[in-house]
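Data block below; observations after.
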Amino acid sequence: MDKQESAPTTSSANTIIKHIFNFDDDTKSTLMNISQYMVLATIPVAILQNISAKVFPEFDASKGTMELLAEILGQSLTTLVGLFFIHRLITAVPTFSGSAMGDLNLFSIIVVFLLTSFMFDGKVEKKFKAISNRMMYLWDGKSSDDKDKNKQEVKQQGGGSVVSVSQPISRGGAPTHAPSRADYLNSPNAQTSSTQMMPAQPPQQTQENNSQEQYSNLPLEPAAYNSGGGGFATF
């Protein structure tokens, strides 16, 4: 009994392995067509991606909801139409395998394309998140201040920097006095500072000034004697 039960299990395992690694003519033709399709689609898809990146701008939180929605729809529609013509171009080239390529159903790809765009495409992802956040704020009935905070958060997520500057309320400072010439004349500190700022005199000039001061300090003679107005003036 054990041998009879193990025989069907072994045969089913061998059938699965044969089905996976079956390289008949159809399998070889399919693999060759896949390789040819990938090689021919690389350059046109890269060109389409570069055109889409230049035509459609980066995410800007200051734009309106309708403008962001139009950019998302325009970018998605342009990409799908471009893929349609790229597929037409690739299928126009004869295959190396000799068998025709399978038909591509673009309608089944639209959902997958939109899902990957919303999840992995930087521009579309940020724009879609901004629109969904705004719709949620409208649904919750929040004020415009909350919307502004949301815009700042989205801008920070997008790589921008928001700088908020708060200034104190001025209530009038202490009265100030404009400096005048009378302040410097009446202030002894100002006179002292002006005296200190005078240039130093050379030693020779200093000696001359000292000698002049000594002669000026001598006592003056009587005026009557000097002028001859005394009693002996006639002699």
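The sequence shown begins at 1 in UniProt numbering and counts up by one.
Here a beta-carbon is modelled for each residue, glycine too, at the ideal position from N, C-alpha and C.
With 16 other Cβ atoms within 10 Å as the buried cut-off, status of residue i
{"i": "Val55", "result": "exposed"}
{"i": "Val81", "result": "exposed"}
{"i": "Ile72", "result": "buried"}
{"i": "Lys142", "result": "exposed"}
{"i": "Thr15", "result": "exposed"}
{"i": "Thr79", "result": "buried"}
{"i": "Ala130", "result": "buried"}
{"i": "Met197", "result": "Note on Met197: pLDDT 49, under 50, position unreliable in the model; the coordinate value appears next. With fewer than 16 other Cβ atoms within 10 Å, it is exposed."}
{"i": "Ala70", "result": "exposed"}
{"i": "Ala61", "result": "buried"}
Inter-residue Cα distance where the pair is residue i and residue j
{"i": "Glu67", "j": "Ala13", "result": "57 angstroms"}
{"i": "Thr91", "j": "Lys28", "result": "18 angstroms"}
{"i": "Gly102", "j": "Trp139", "result": "46 angstroms"}
{"i": "Leu77", "j": "His19", "result": "40 angstroms"}
{"i": "Asp25", "j": "Leu83", "result": "29 angstroms"}
{"i": "Ile17", "j": "Leu89", "result": "37 angstroms"}
{"i": "Ala53", "j": "Met135", "result": "26 angstroms"}
{"i": "Phe120", "j": "Ile51", "result": "18 angstroms"}
{"i": "Phe23", "j": "Leu31", "result": "10 angstroms"}
{"i": "Gln75", "j": "Thr116", "result": "13 angstroms"}
{"i": "Leu106", "j": "Phe21", "result": "29 angstroms"}
{"i": "Ala41", "j": "Thr65", "result": "34 angstroms"}
{"i": "Pro57", "j": "Ile43", "result": "23 angstroms"}
{"i": "Val93", "j": "Val39", "result": "12 angstroms"}
{"i": "Ile47", "j": "Lys63", "result": "28 angstroms"}
{"i": "Val45", "j": "Asn133", "result": "32 angstroms"}
{"i": "Gly122", "j": "Thr10", "result": "50 angstroms"}
Whole-Å CB distance - residue i paired with residue j, under 8 angstroms assumed
{"i": "Asn33", "j": "Ser108", "result": "Between Ser108 and Asn33 the Cβ distance is about 18 angstroms, and since that is not below 8 angstroms, they are no contact."}
{"i": "Val111", "j": "Phe118", "result": "With a Cβ gap of about 11 angstroms, Val111 and Phe118 do not count as contacting."}
{"i": "Leu104", "j": "His87", "result": "5 angstroms"}
{"i": "Gln36", "j": "Phe96", "result": "6 angstroms"}
{"i": "Phe59", "j": "Lys127", "result": "5 angstroms"}
Proximity test, residue i beta-carbon vs the ligand HEM heavy atom, cut-off 8 angstroms
{"i": "Ser76", "result": "Among the components modelled here there is no ligand, and therefore nothing to report on the ligand HEM."}
Residue i at chain B interface by Cβ criterion, 9 angstroms
{"i": "His19", "result": "The chain labelled as chain B is not found in the depicted structure, where only one protein chain is given."}
(request) List in chain order: all unbroken alpha helix (DSSP H) runs of 4+ residues lying wholly within the segment 21–98. (result) When DSSP assignments are scanned along the segment 21–98, the uninterrupted stretches of alpha helix (DSSP H) that are 4 or more residues long and fall wholly within it turn out to be 25–55 and 65–91.
(message) Quick check for students: name the residue ranges of the alpha helix (DSSP H) that lie wholly in the segment 103–128, counting only runs of 4 or more.
(response) 107–120
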